[in-house]
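Read through the structure below, which is laid out as structure tokens, and then see the notes.
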Amino acid sequence: MTDNTSTDDLFFQRADLDRGRTERIVGDALNGADDGELFLEYRQAESLSFDDGRLKAASFDVTQGFGLRAIAGEARGYAHSAELSEDAIRRAADTVRAVHAGHEGIADKGPVHTNAALYTEDNPISGHDFETKVKLLQDIDAYARARDSRVRQVSASLSASWQAVQIMRNNSDRVSDIRPLVRLNVAVVVGEGDRMESGGTGVGGRLAYDRYIDTNNWRGQVDEALRIALVNLEAIPAPAGEMEVVLGPGWPGVMLHEAVGHGLEGDFNRKKTSTFSDMVGERVAAPGVTVVDDGTIPDRRGSINVDDEGTPSRQNLLIEDGILVGYMQDRQNARLMGVKPTGNGRRQSYAHHPMPRMTNTFMPNGVHDPGEIIASTAKGLYAVNFSGGQVDIVSGKFVFSASEAYLIEDGKITAPVRGATLIGNGPDAMNKISMIANDMKLDEGVGTCGKDGQGVPVGVGQPTIKMRGITVGGTQV
784 MTDNTSTDDL
794 FFQRADLDRG
804 RTERIVGDAL
814 NGADDGELFL
824 EYRQAESLSF
834 DDGRLKAASF
844 DVTQGFGLRA
854 IAGEARGYAH
864 SAELSEDAIR
874 RAADTVRAVH
884 AGHEGIADKG
894 PVHTNAALYT
904 EDNPISGHDF
914 ETKVKLLQDI
924 DAYARARDSR
934 VRQVSASLSA
944 SWQAVQIMRN
954 NSDRVSDIRP
964 LVRLNVAVVV
974 GEGDRMESGG
984 TGVGGRLAYD
994 RYIDTNNWRG
1004 QVDEALRIAL
1014 VNLEAIPAPA
1024 GEMEVVLGPG
1034 WPGVMLHEAV
1044 GHGLEGDFNR
1054 KKTSTFSDMV
1064 GERVAAPGVT
1074 VVDDGTIPDR
1084 RGSINVDDEG
1094 TPSRQNLLIE
1104 DGILVGYMQD
1114 RQNARLMGVK
1124 PTGNGRRQSY
1134 AHHPMPRMTN
1144 TFMPNGVHDP
1154 GEIIASTAKG
1164 LYAVNFSGGQ
1174 VDIVSGKFVF
1184 SASEAYLIED
1194 GKITAPVRGA
1204 TLIGNGPDAM
1214 NKISMIANDM
1224 KLDEGVGTCG
1234 KDGQGVPVGV
1244 GQPTIKMRGI
1254 TVGGTQV
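Right, here's the structure in full:
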């Protein structure tokens, strides 16, 4: 969490806003409301993509604006504009004031600001010149093609953003944050005869570009993308049916994020549209299963010093030893449910209102060695990576597609398979977890979560886990 003075230059001196008059406009707009805030944002973003041996696209954007919100009970008034001026903020104030007309609310106390800085404030975009970034993508392309004669196509992309925000409440309380974000993606297509397969990797976080420009780092990403592509080139059709499934550590935690995490967000549970509604204190997963959402892990993609309402992020215990202990909350849903905010009020930009969202959601370590889990499986599927999935929040039903998977036969990992999908129900799947390994890791920093048309960066993770009786959809005939 940065000092307000470092963002004052962006939002008051640069935009020619008078801080005192702005505070009075906000205070008047929110007088009588239960809660609300002025959210100011300035963002720089760039993206470069390389394909077929040449730079295909490059972009650089600067956006700025504000969003003003007033809350009265369950009602919400929200107005936003890309024009940073007192006149625009006054017009927004007139709009949101209508939501609490006649409402005699007592404004909630603002959040207590205690978080230490979790990531750098340096702007990754300005840290290296354009030529250096293009050369990185050229080197990735050349290295991948030299690694194996079967490489048919290489795609690489580099992107970064630098976001500065300031949040102002009706008591003149202000909170600021500066958030860098970078991401490197590599995809490789290999071919042999008429068959072609692909593999891809990505890495990122709230850091500068330096880590990814390092030769050993980006070569490791290329090697991994090529490895996955070559594995898929040898893959056989996946079997179908109910079987034991072992999920690898790291990115497979995306299934936990989708099938369980969304169902633990406060708005779904306040409205009783989640399969986990009214279940605090009840068993929702097998013994030993614990789920945590933690926005305080340094440099992680899903980490935030403060959320987009100004509440410091924290580690939130959601499920403990299979028992549901709490939900993720923004300020509005927390107040209506009679609990405290958890630092999960997030928004995509100034043009979007905040709502309960995950940060870094993961399952901590268990007690088993991952090799022990494989050895205990007579016949099943070992899913290492997923390429996508769909979840219904109300029912908890999910479908996930595995991008890298293997057969397990007689306690050993054998042939790679293609076309495997996992089909099930989130709470049911959590109760089918029979073994949890001690190799927990987080994903490499590429997750973006979508909800109600908004996307925010997130992290996922888990150790190797074993689930019994999971339905696998396959292509074997």
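Sequential numbering of the sequence shown, starting at 784, is according to the working numbering. We put the CB at the ideal spot given by N, CA and C, even for glycine. Predicted model, so just to flag it, every value in this text is computed and none were measured.
Residue i - partner residues in DSSP beta bridges
| i | result |
| --- | --- |
| residue 1017 | According to DSSP, residue 1017 bridges with nothing at all. |
| residue 1120 | Looking at the DSSP assignment, residue 1120 forms no beta bridge with any residue, so it has no partner. |
| residue 963 | 945 |
| residue 861 | 852 |
| residue 1008 | In DSSP, residue 1008 forms no bridge with anything. |
| residue 789 | Note: residue 789 sits in no beta bridge, so no partner. |
| residue 871 | DSSP output for residue 871 lists no bridge partner at all. |
| residue 1143 | 1242 |
| residue 982 | 971 |
| residue 1025 | 1254 |
| residue 1151 | 1220 |
Residue from the options with nearest C-alpha to residue i
| i | options | result |
| --- | --- | --- |
| residue 1041 | 1140, 1151, 856 | 1140 |
| residue 828 | 946, 887, 1209 | 946 |
| residue 924 | 1009, 1056, 965 | 1009 |
| residue 1194 | 1217, 1174, 1215, 1154 | 1154 |
| residue 1163 | 790, 968, 1021, 964 | 1021 |
| residue 878 | 887, 864, 1110 | 864 |
| residue 933 | 939, 993, 895, 975 | 975 |
| residue 950 | 1018, 1190, 822, 867 | 822 |
| residue 799 | 1007, 994, 1052, 867 | 867 |
| residue 1166 | 1049, 1100, 1026, 1048 | 1026 |
| residue 944 | 922, 1060, 903 | 903 |
| residue 955 | 819, 1125, 1191, 837 | 819 |
| residue 1105 | 1124, 1212, 789 | 1212 |
| residue 1225 | 876, 1173, 1069, 1148 | 1148 |
| residue 965 | 1230, 1102, 850 | 1230 |
| residue 1108 | 907, 1062, 1152, 1128 | 1062 |
| residue 891 | 1192, 1173, 1124 | 1124 |
| residue 887 | 838, 978, 813, 1057 | 813 |
| residue 1264 | 889, 978, 989 | In this structure the chain extends from 784 to 1260, so residue 1264 is not present and cannot be described. |
| residue 1066 | 789, 1210, 893, 787 | 1210 |
| residue 910 | 1191, 1160, 991 | 991 |
| residue 1216 | 802, 1151, 1192 | 1151 |
Cutoff 6 Å; reference residue i; Cβ partners in own chain excluding five residues on either side
| i | result |
| --- | --- |
| residue 1206 | 1182, 1254, 1256 |
| residue 1143 | 1077, 1080, 1083, 1085, 1242 |
| residue 1184 | 1170, 1171, 1204 |
| residue 831 | 841, 916, 941 |
| residue 1208 | 1179, 1180 |
| residue 1044 | 1141, 1144 |
| residue 858 | 882 |
Own chain residues within Cβ distance below 8 Å of residue i, not counting five before or after
| i | result |
| --- | --- |
| residue 1146 | 1036, 1039, 1072, 1073, 1074, 1075, 1219, 1223, 1244, 1245, 1246, 1248 |
| residue 726 | The structure shown does not extend to residue 726, since the chain is modelled only from 784 to 1260, so the question has no answer here. |
| residue 1227 | 984, 985, 986, 987, 1033, 1034 |
| residue 896 | 784, 958, 1089, 1093, 1095 |
| residue 930 | 1005, 1006, 1009 |
| residue 1064 | 1106, 1107, 1108 |
Sequence-distant residues of its chain with Cβ nearer than 7 Å to residue i (five each side left out)
| i | result |
| --- | --- |
| residue 1122 | 1112 |
| residue 926 | 1002, 1005 |
| residue 883 | 815, 816, 853, 855 |
| residue 1130 | 1091, 1136, 1137, 1237 |
| residue 1098 | 1075, 1077, 1079 |
| residue 1017 | 1199 |
| residue 1156 | 1029, 1218, 1220, 1247, 1249 |
| residue 834 | 938 |
| residue 1049 | 1110, 1111, 1112, 1113, 1116, 1117, 1120, 1139 |
| residue 1047 | 1059, 1101, 1110, 1111 |
| residue 1070 | 1104, 1105 |
| residue 1126 | 1078, 1090, 1094, 1095, 1096, 1097 |
8 Å Cβ cutoff, residue i in contact with chain D
| i | result |
| --- | --- |
| residue 1091 | You won't find chain D in this structure, because it holds only one protein chain. |
Okay, do the segment 1221-1237 and the segment 1133-1151 touch, 3+ Cβ pairs below 8 Å being the bar? yes
Could you tell me which whole beta strand (DSSP E) segments of length 3 or greater appear in the segment 1051-1132? 1074-1077, 1098-1103
Are the segment 849-862 and the segment 975-991 touching by the rule of at least three beta carbon pairs closer than 8 Å? no
Check whether the segment 835-844 and the segment 872-882 are in contact - that is, three or more C-beta pairs closer than 8 Å. no
Kindly confirm or deny that the segment 949-965 and the segment 789-802 touch, where touching means at least three C-beta pairs closer than 8 Å. yes
Does the segment 907-914 come within contact of the segment 808-816, defined as at least 3 CB pairs closer than 8 Å? no
Taking three-plus beta-carbon pairs below 8 Å as touching, is the segment 990-1010 in contact with the segment 1091-1104? no
Tell me the start and end of each unbroken beta strand (DSSP E) in the segment 894-958 that is at least 3 residues and wholly inside, in chain order. 934-951
What are the uninterrupted segments assigned as beta strand (DSSP E) that are 3 or more residues long and contained completely in the segment 814-853, given in chain order? 818-834
Return the chain-ordered ranges of every beta strand (DSSP E) run that is complete within the segment 1221-1256 and spans a minimum of 3 residues. 1230-1234, 1237-1245, 1248-1256
Just to confirm the assignment: which complete alpha helix (DSSP H) runs, minimum length 4, are found wholly within the segment 1163-1229? 1209-1214
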